[in-house]
Amino acid sequence: MEEILKQFEIGLKAHLESTYSILDKENNEIKKLDDIEKTVDDFVDTYLLETNLIAGDVARSVQHVVDAFIQSKIK
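So for the sequence shown, my numbering puts the first residue at 31; every next one is plus one.
Set out below in structure tokens:
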């Protein structure tokens with residue numbers, strides 16, 4: 031299970047970075063981060079459907095990865 035969660039975190043980080051680069055033209059950084067955060071639920075839902083994980087398995091990872099991503103972009 032730990033390996034699956036690591037793969038999930040890697041995938042989520044990649045999703046956040048690619049979405050950020052797509053929205054890179056957006057001038058308002060807060061709006062851009064808000065729009066990116068809204069895509070997380072769809073990413074998680076799709077990932078859960080493709081694996082044996084449930085939402086409770088990834089909840090902490092999602093919060094940790096999203097928080098770290100946002101912090102890295104607002105510094």
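Even for Gly, the Cβ is constructed at its ideal location relative to N, Cα and C.
Write down the C-beta distance between residue i and residue j rounded to the nearest angstrom, noting that I regard them as a contact closer than 8 angstroms.
i: Lys43; j: Leu53; result: Rounded, the Cβ-Cβ distance is 16 angstroms, inconsistent with contact.
Look at the Cβ atom of residue i, then the Cβ atom of residue j, and state whether they are nearer than 8 angstroms.
i: Val96; j: Glu59; result: no
i: Val88; j: Leu35; result: yes
i: Ser102; j: Glu39; result: no
Going straight from the alpha carbon of residue i to that of residue j, what length do you get?
i: Ala85; j: Gln93; result: 12 angstroms
i: Ala98; j: Lys105; result: 11 angstroms
i: Glu80; j: Ile100; result: 26 angstroms
Residue i: which of the options sits nearest, CA to CA?
i: Asp64; options: Lys105, Leu46 and Val74; result: Leu46
i: Glu32; options: Leu83, Asn57, Lys103 and Tyr77; result: Leu83
Would you mind sorting residue i into buried or exposed? The rule is 16 or more other CB atoms within 10 Å of its CB.
i: Thr108; result: Because residue 108 is not part of the residues shown, which for the chain are 31 to 105, the question remains open.
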